[in-house]
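Trainee: Start counting the sequence shown at 33; every next residue gets the next number (our numbering). Quick one: the structure is below, and I'll ask about it shortly.
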Amino acid sequence: MKRTLKITADGSHTFHVSDIDESYHSLHGAIQESLHVFIKEGFLFHPGRELRILETGFGTGLNAALTCMETGKTGKKIRYDSLELYPLAANEYSQLNYFEKGTRSREIFIRLHECEWNRSVNISPLFNIIKLQCNLVTCELPGKYELVYFDAFSPRAQPEQWRTEIFRKIHNAMTSGGVLVTYCASGKVRRNMEESGLLVQKIPGPPGKREMIRGVKK
Ligand SMILES: C[S@@+](CC[C@H](N)C(=O)[O-])C[C@H]1O[C@@H](n2cnc3c(N)ncnc32)[C@H](O)[C@@H]1O
Numbered sequence: 033m034k035r036t037l038k039i040t041a042d043g044s045h046t047f048h049v050s051d052i053d054e055s056y057h058s059l060h061g062a063i064q065e066s067l068h069v070f071i072k073e074g075f076l077f078h079p080g081r082e083l084r085i086l087e088t089g090f091g092t093g094l095n096a097a098l099t100c101m102e103t104g105k106t107g108k109k110i111r112y113d114s115l116e117l118y119p120l121a122a123n124e125y126s127q128l129n130y131f132e133k134g135t136r137s138r139e140i141f142i143r144l145h146e147c148e149w150n151r152s153v154n155i156s157p158l159f160n161i162i163k164l165q166c167n168l169v170t171c172e173l174p175g176k177y178e179l180v181y182f183d184a185f186s187p188r189a190q191p192e193q194w195r196t197e198i199f200r201k202i203h204n205a206m207t208s209g210g211v212l213v214t215y216c217a218s219g220k221v222r223r224n225m226e227e228s229g230l231l232v233q234k235i236p237g238p239p240g241k242r243e244m245i246r247g248v249k250k
């Protein structure tokens, strides 16, 4: 996968994949998007104090790093399972301008990348991660989740990841009352999620995007 570094409108980096003409984040602002879609509408929306989170896919590690930082502010305890088929190499993630060099946040960001794949690792007393190198389409989901960050490439680029069967597999792996958030707001995706059993709502999206989707397991 050939990836090129790009700067988004809020000054934060993302990668662009030329083969599928797709970026890892919204070009309106990578950090802004992650904070709105996953932190505000997912992590902070869910009332639980101990959450098991499923993310697909790990990508730049931005969602994981921001979530880890939120545990310090909220006291929530997180077990984070993140799936990724095409991990970034060290010479790629080290170029990303997330968090100022020399800060604790940057240290956490680098640790998230450097920690071993397919192994449970404590990044802090409140944040445990397992990065799983696997294919969302074919893998068996290893746990039960209160919260899902559905952050696949867009349905245009990877339609197979947004099928009803995939949402059904995720729905089966969610606890009752579990929450799924995604940046996507397409009608087809919403219908596929509903067919999987999720109760789906369109809510305001991050700057530059009118809407996003939140689903809840009844
Ligand atoms: C939109 S990006 C994720 C951004 C990420 N959450 C972040 O914070 O940077 C989509 C990710 O899904 C990964 N991916 C693509 N196909 C996959 C598959 N079949 N299974 C698991 N991950 C996949 C990509 O390599 C990419 O890292």
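Note that beta-carbon positions come from the ideal geometry of N, C-alpha and C, so glycine has one too.
By the DSSP assignment, the alpha helix (DSSP H) with residue 199 in it spans what residues?
Mentor: Along the sequence shown, read from residue 1 onward, the residue named residue 199 stands at position 167. Where residue 199 is concerned, the enclosing alpha helix (DSSP H) stretches over 196-204.
Trainee: Using alpha carbons as the reference points, say which of 91, 60, 102 and 93 lies closest to residue 77.
Mentor: Along the sequence shown, read from residue 1 onward, the residue named residue 77 stands at position 45. Residue 102 is the option with its Cα nearest to residue 77.
Trainee: Can you find the residues in the same chain that come closer than 7 Å, C-beta to C-beta, to residue 177, ignoring five residues on each side of it along the sequence?
Mentor: Residue 177 sits at position 145 when you count from the first residue of the sequence shown. Only 84, 85, 86, 205, 206, 207 and 210 meet the Cβ criterion.
Trainee: Does residue 218 come out as helix, strand or coil in the three-state DSSP assignment?
Mentor: Working through the sequence shown from its first residue, we reach residue 218 at position 186. Coil, per DSSP.
Trainee: Rank 247, 44 and 233 by C-alpha distance to the C-alpha of residue 132 and give the top, closest one.
Mentor: Counting from 1 along the sequence shown, the entry for residue 132 is found at position 100. Checking every option, the nearest Cα to that of residue 132 belongs to 44.
Trainee: Three-state secondary structure (DSSP) at residue 182?
Mentor: Here the question's residue 182 lines up with position 150 in the sequence shown. In the structure shown, residue 182 sits in a strand (DSSP, three-state: E or B).
Trainee: Can you find the residues in the same chain that come closer than 6 Å, C-beta to C-beta, to residue 68, ignoring five residues on each side of it along the sequence?
Mentor: Taking the sequence shown and counting its residues from 1, the one referred to as residue 68 is at position 36. Excluding sequence neighbours, residue 68 sits near 238.
Trainee: Given the structure, does residue 183 come close to ligand 1, in the sense that its CB is under 6 Å from one of the ligand's heavy atoms?
Mentor: Mapped onto the sequence shown, residue 183 falls at position 151. Within the cutoff, so yes.
Trainee: Closer than 6 Å to a non-hydrogen atom of ligand 1 - does that hold for the CB of residue 169?
Mentor: Taking the sequence shown and counting its residues from 1, the one referred to as residue 169 is at position 137. Annotation for residue 169 indicates a beta carbon within 6 Å of some heavy atom of ligand 1.
Trainee: May I ask whether a heavy atom of ligand 1 can be found less than 6 Å away from the beta carbon of residue 160?
Mentor: Counting from one through the sequence shown, the residue named residue 160 turns up at place 128. No; taking the cut-off as 6 Å, the Cβ of residue 160 has no heavy atom of ligand 1 nearer than that.
Trainee: According to DSSP, is residue 79 helix, strand or coil?
Mentor: If you number the sequence shown from 1, residue 79 lands on position 47. Correct three-state label for residue 79: coil.
Trainee: Beta carbon of residue 237: closer than 6 Å to some heavy atom of ligand 1?
Mentor: Counted from its first residue, the sequence shown places residue 237 at position 205. No, Cβ of residue 237 sits at least 6 Å from all heavy atoms of ligand 1.
Trainee: Pull up the distance between the alpha-carbon of residue 244 and that of residue 148, whole angstroms please.
Mentor: What you label residue 244 is simply residue 212 of the sequence shown in a count that begins at 1. What you label residue 148 is simply residue 116 of the sequence shown in a count that begins at 1. So the two alpha carbons sit approximately 32 Å from each other.
Trainee: Ignoring anything shorter than 3 residues or poking outside the region 51-115, list the beta strand (DSSP E) runs there in chain order.
Mentor: Counting only runs of 3 or more residues that sit fully inside the region 51-115, the beta strand (DSSP E) segments are 82-88, in chain order.
Trainee: Please tell me whether residue 219 has its Cβ less than 7 Å away from any Cβ of chain D.
Mentor: Any reference to chain D falls outside this structure, which holds one protein chain only.
Trainee: Examine ligand 3 and report whether any of its heavy atoms sits within less than 6 Å of the Cβ of residue 112.
Mentor: Annotation note on ligand 3: not contained in the displayed structure, which lists ligand 1 as its ligands.
Trainee: Please find out if some non-hydrogen atom of ligand 1 comes closer than 6 Å to the beta-carbon of residue 89.
Mentor: In the sequence shown, the residue the question calls residue 89 occupies position 57. At least one heavy atom of ligand 1 is nearer than 6 Å to the Cβ of residue 89, so yes.
Trainee: Could you tell me the distance, in whole angstroms, from the CA atom of residue 36 to the CA atom of residue 220?
Mentor: Along the sequence shown, read from residue 1 onward, the residue named residue 36 stands at position 4. Along the sequence shown, read from residue 1 onward, the residue named residue 220 stands at position 188. Their Cα atoms are separated by approximately 30 Å.
Trainee: Please state whether the Cβ-Cβ distance between residue 92 and residue 118 is less than 7 Å.
Mentor: Here residue 92 corresponds to residue number 60 of the sequence shown, with the count starting at 1. Here residue 118 corresponds to residue number 86 of the sequence shown, with the count starting at 1. Result no, Cβ atoms of residue 92 and residue 118 do not sit closer than 7 Å.
Trainee: Roughly how many angstroms lie between the CA atoms of residue 202 and residue 138, to the nearest whole one?
Mentor: Here the question's residue 202 lines up with position 170 in the sequence shown. Here the question's residue 138 lines up with position 106 in the sequence shown. If you take the alpha carbons of residue 202 and residue 138, they lie about 31 Å apart.
Trainee: What residue from 48, 233 and 52 has the CA that sits closest to residue 62's CA?
Mentor: Along the sequence shown, one-based indexing puts residue 62 at 30. The candidate whose alpha carbon is nearest that of residue 62 is 48.
Trainee: Run through DSSP, which three-state label would residue 168 get?
Mentor: Against the sequence shown, residue 168 aligns to sequence position 136. Three-state result, residue 168: coil.
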